[in-house]
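Residue numbering for the sequence shown follows this note's numbering, starting at 1 and increasing by one per position. For glycine and all other residues, C-beta sits at the position ideal for the given N, C-alpha and C. This one's a predicted model, so the numbers in the text were calculated from it and none came from an experiment.
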Amino acid sequence: MEDIISKTQATNEFFINKAISCALREYGKDYPNKVIELASKYPLSKFSKREALKQIAL
Numbered sequence: 001m002e003d004i005i006s007k008t009q010a011t012n013e014f015f016i017n018k019a020i021s022c023a024l025r026e027y028g029k030d031y032p033n034k035v036i037e038l039a040s041k042y043p044l045s046k047f048s049k050r051e052a053l054k055q056i057a058l
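Below, the structure is given as structure tokens:
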């Protein structure tokens, strides 16, 4: 997952950002710490970051 995020992080394409956030949100159900790490490591869009961290209690 990290490989794909690193290759697509700079895009402004809405549907790619939506796919990233959806994948991270699902991944965060089992690995919340890894999602927090990825969200802080890569410059994701505001939308992707917000949606990825939506269900994780910070």
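- The residue among I4, S21 and I16 with its C-alpha nearest the C-alpha of I56 is S21.
- Judged by DSSP secondary structure, N12 falls outside any alpha helix (DSSP H); it is assigned neither H nor E.
- Apart from sequence neighbours up to five positions away, the residues of its chain that approach S45 with a beta-carbon distance below 6 Å are N17, ordered along the chain.
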